Each structure stands twice: as structure tokens, then as C-alpha cells.
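What follows is a single structure, written as C-alpha cells, with notes after it.
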Amino acid sequence: MTLKHYLLLAVFHLLSFVGCWAQNSVAPMNIGNVFMKFGETETSVPIKLTSWGKSDARSITYTLYYMETGENVGPTTVTFDQPITYGETREVIFPIKTGTKLGTADVILNITEVNGQYNEATIGSIYITCCTVNKIPHKRVLVEDYAAMWCWHCPIGLVATDAIARMYPEDVVPVSVHKTDAISQAVSYSVYDGLIAQYANTLPAVWIARDTKAAGYDVTDAFKIEKERVTCMNIDVEAQWDETNDNIRVTTQVEPCMAPAADDTYAIGYVLTASGLTNEQWVQEANYSEYASDTYKDAPEEMKFYADINNYVEGYSKVKGVVFNHVAIESQGMQRGLANSLTGSFHSNEVKKHSTIFHNISKYSVISDRSKIEIVAVLFNTKTRKIENAARCYVGDGKDGPTGIEQITRPIAAKNSDIYDLQGRRVSGKPQAGMYIVNGKKMMIK
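Letter by letter, the sequence shown follows residues -22 to -1, 1 to 424 of mature numbering (1 follows the signal peptide of the UniProt record, and there is no 0).
Set out below in C-alpha cells:
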């Protein structure tokens, strides 16, 4: 029996002794704002419930009070297929009516009974702020990986970033920043100026929206936590080559789905990134005995490269042939956004635009394939100093607009010999879901 179990039993005995351990107790967790699309009848809202009673929670009875209309709905009883045991937290879906007008209104969820008996939870109710809007905001998460070729732990961050970007291509905005290595010498000298010292004192360093430093090869949990932090601000970005085919014109649109706080201010920062960077002279520090061990048996598929002894040179501590993705080549205003990029007050469903240009791209000889260039736009809340949202796009040819991410929902017409993963490796057989290069063009296969 583990120490955790002993401590839990001790708490049980203590509660039984003093007679204060509730029999039937379920508490809902606060969820903050919930966005609902105007015109829809109701929205399914996931709310986490925790059972704190001696008896497993087989059912709950709840009411909903709509403060906008004064309507009280319920009591409604929900019976669980599997009881919620003591200390367990489970996500339960509650149908909540959409607001009758645009704006915010509170709804009170009150869990009145558990197993048909009075709910003994200290706090059995929560306020839910329902935001009825015309357009549901798309929250994307900025994932910044700081790495270096001389760092043998850095493959962990490289793998984590490539994997999360592959798994959630529509919701992750990845950027990989190199510190004092061969790549850092081949990109803009001012890329991420000041940020490397601030966020990459030690390596590897994978930051989720600059709020959480994630550890290990799996950053899914940290990503999901940030993804759940809703925003009322939509951001989209487009990019095109100009007539010289050497400069990239970028246009960003920011649209609040509801009016933000009156004193909130915002600004936009940009990054030009490139994937598929490789060079036969580059050597990445690694550790075969580490990455081929059972410690990494559940690591994402991207770790297989570092677990393959055939990729090692100079013993078992260096690899050649690494393909680096999402590499920051040049940036603008990535500290807190470009000054005056967004000015004036913000109003619901009113679009603000900002444009910028990345010049003389041909000077970056490290970029071998222009189809793998992306533009990242990051929306900063300059009052809270938080990252509000982010977006990314590929670069169009100036005629038909930006290429964007092409969703593949039908069989691929190209031969497998024309399909490559983002590591530059040819795919044989049926490709799994994720991002690929098909006939020289990035596509997302579902």
C-alpha cells in the first residue's frame, strides 16, 4: 500500500471520528465564461464534478436559474452509467439555453441532491457566465520551444513540439527558437530579441502561451489547460509573396466576438518560421542509451529518430540528419506586440486590421523549401501581459491568396512515393492522421 493510500485512510478515520464526513456530496468546479452562438437553442456545457461523500454518486439532481429572464429550470435528475467515487472528478455535460440577446448573462447551476438525498457539499452551486455571440472564438495555443544543437536533452523539446503540432494542427501554433548554435547563426540576429535570455536560461524549454513551462516529451495536458482558457478575441492571418517574390506581405484581422473589458489594450507580434531545415554538417547532441530506453517507449513517433542507432555518429551521443521544423527565422514585436499595431476601442464583431512586411527572404539561405514557410501572428493583451490568442498561415503566391491548411477528407491521389512527413521522410503505406508534404505542398490528412 502506498503512502498516499495510508494518508487517505487516515483522513477517512479522522473524518469518521469527528462525524463530519458527508454521506452524499458532489461539488461542481467553476468554469468561467462559456460562449454560445446566438440563434441556437442550447449549448452543451462540460462541467467538472467532484464527489466528496462516503457513498458513490450514482445520480445527481440539479436546477438552472437564468438571471437574464428569471426562469428556473428543473429539478432535473441525471443517472450515471458508472458512479462517481470518492475523490473522483468527472466531466459531465449540462444543456444550457442560449441567451435571448447578444451579451453576457449569468446562469446558476445548483446541485440539490445526490442519490436522491440532500447534497451535503459545502459549495454545491456555481455561477456560469454565458456569452451569447455571433461568432464563436477559435482559441489557438502558442507553443514555443527553445533548443540548441549542443544540448543533448533538447530532442525532448523538439519531439514534444513536433508531436503536439501534428496532433492538433488547427489549434497549435508552434515556434522553435534556437540558441547559440548553427541555426541561430543562419537566421536573423534579432529574432526573439531579449526573449531567449528571459525564457531559455536552461534548455530545453517548452513554453505554453508563455504561462507554463512544460516538461517531458508529452505536453498535451499543458496544451489542453491553455486551450480551455477562453478568449473573446478572434485572430486570423494571411500572407502572400509580393511581385518581387522576395518579400512577404502579411495582413492580420482581429475581431472581438464580444466587447472586451473597456481598459484592455492589445497588440500583435509576428514570427516568420520555416520547417524542413537540415544540413549534412549539422550535428545534434543526443543520447542513444537514453532515448532508446524503456523510459521513452511511450514517446511520440517523432522520438524514433533519436532511438535509431543508425542515425548516430561519433559514438552514441550525436545524431546527423535531423530535420528541424517551425524554426523562428525572423520576428517582429514578439516581446509584447508591435507598438500601435491595434489602436482605438474594440467593439463586438468589428474587425481591426494590421499589415506588415517581411523583407528580403532570399538572404536566409537556410530555407531550402519556400513552401514550408509559415507566418505566425500572436495577439498580446498588453494590460494583462498575457497571450490572448494566436494564428498561423502559409504563404500564398500573390494571385490566389494564402494557401492555408488544406483538409484532406478523401483518398490522396498522389503516389505514396510523393508523400513525406514533416521530418522529410518518405511515407510508405497508408499515412496516419497528421500533417504531411504531398507533391511539395503541406496538407493535413485526417
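Cβ atoms here follow ideal geometry from the backbone N, Cα and C, with glycine treated the same way. Since this is a predicted model, take the numbers as computed values, not measurements.
May I ask you to report which of helix, strand or coil DSSP gives residue i?
i, result
"residue 49", "strand"
"residue 283", "helix"
"residue 255", "strand"
"residue 210", "coil"
"residue 18", "coil"
"residue 324", "coil"
"residue 204", "helix"
"residue 173", "helix"
"residue 132", "helix"
"residue 381", "Below a pLDDT of 50, predicted positions are generally treated as unreliable, and residue 381, at 39, falls in that range; the measurement from the model is reported next regardless. If DSSP states are grouped into helix, strand and coil, residue 381 belongs with coil."
"residue 268", "helix"
"residue 365", "strand"
"residue 165", "coil"
"residue 275", "coil"
"residue 55", "strand"
"residue 339", "helix"
"residue 387", "Any reading at residue 387 must be qualified, since the residue scores a pLDDT of 31, below 50, and its modelled position is unreliable; the value itself is stated next. Coil, per DSSP."
"residue 345", "coil"
"residue 227", "strand"
"residue 156", "strand"
"residue 329", "coil"
"residue 137", "helix"
Find the nearest neighbour of residue i within the set the options, judged by alpha-carbon distance.
i, options, result
"residue 188", "130, 5, 362", "362"
"residue 323", "60, 238, 96, 283", "238"
"residue 179", "257, 57, 158", "158"
"residue 269", "282, 261, 258", "282"
"residue 42", "120, 65, 108, 33", "108"
"residue 233", "64, 368, 133, 274", "368"
"residue 352", "338, 75, 335, 304", "304"
"residue 56", "156, 358, 80, 90", "90"
"residue 358", "306, 132, 244, 229", "244"
"residue 258", "17, 165, 160, 230", "160"
"residue 98", "46, 67, 78, 35", "35"
"residue 44", "82, 100, 197", "82"
"residue 332", "299, 320, 338", "320"
"residue 330", "339, 318, 162", "318"
"residue 133", "277, 198, 6, 288", "277"
"residue 49", "78, 25, 66, 70", "78"
"residue 51", "37, 18, 88", "88"
"residue 437", "141, 223, 219, 224", "Residue numbering for the chain in the displayed model covers -22 to 424; residue 437 lies beyond these limits and cannot be assessed."
"residue 219", "113, 182, 374, 181", "374"
Excluding the five sequence neighbours on either side, which residues of its own chain have a C-beta within less than 7 Å of the C-beta of residue i, listed in chain order?
i, result
"residue 263", "127, 128, 129, 130, 295, 296"
"residue 105", "84, 86"
"residue 20", "73, 74, 75, 76"
"residue 162", "156"
"residue 205", "117, 119, 149"
"residue 284", "133, 264, 269, 297"
How many angstroms separate the CA atom of residue i from the CA atom of residue j?
i, j, result
"residue 151", "residue 23", "26 Å"
"residue 217", "residue 39", "52 Å"
"residue 226", "residue 309", "13 Å"
"residue 213", "residue 2", "45 Å"
"residue 341", "residue 302", "19 Å"
"residue 27", "residue 372", "41 Å"
"residue 32", "residue 241", "47 Å"
"residue 80", "residue 110", "5 Å"
"residue 29", "residue 58", "13 Å"
"residue 149", "residue 92", "37 Å"
"residue 311", "residue 170", "8 Å"
"residue 388", "residue 145", "Unreliable positioning characterises residue 388 in this predicted model, as indicated by a pLDDT of 33, which lies under 50. A coordinate reading is not provided."
"residue 202", "residue 215", "23 Å"
"residue 288", "residue 267", "13 Å"
"residue 69", "residue 7", "10 Å"
"residue -2", "residue 370", "51 Å"
"residue 345", "residue 5", "54 Å"
"residue 192", "residue 275", "19 Å"
"residue 101", "residue 9", "14 Å"
"residue 261", "residue 271", "21 Å"
"residue 256", "residue 231", "33 Å"
"residue 198", "residue 190", "12 Å"
"residue 337", "residue 224", "7 Å"
Within the same chain, show all residues whose beta-carbon is closer than 6 Å to that of residue i, passing over the 5 residues directly before and after it, in chain order.
i, result
"residue 123", "135, 139, 154, 184"
"residue 67", "26, 28"
"residue 11", "107, 109, 208"
"residue 15", "114"
In chain order, what residues of the same chain lie with their CB nearer than 8 Å to the CB of residue i, ignoring the 5 residues before and after it?
i, result
"residue 115", "13, 208, 209, 210, 211, 212, 235, 367"
"residue 293", "none"
"residue 315", "244, 245, 246, 247, 356, 357, 358, 360"
"residue 306", "153, 154, 155, 156, 165, 169, 170, 249, 250, 251"
"residue 313", "171, 172, 173, 247"
"residue 194", "134, 138"
### Task
Jot down the residue ranges of each uninterrupted beta strand (DSSP E) in the stretch 72 to 129, minimum 3 residues, whole runs only, in chain order.
Taken in chain order, the complete beta strand (DSSP E) segments of 3 or more residues contained in the stretch 72 to 129 are 81 to 92, 103 to 111, 119 to 125.
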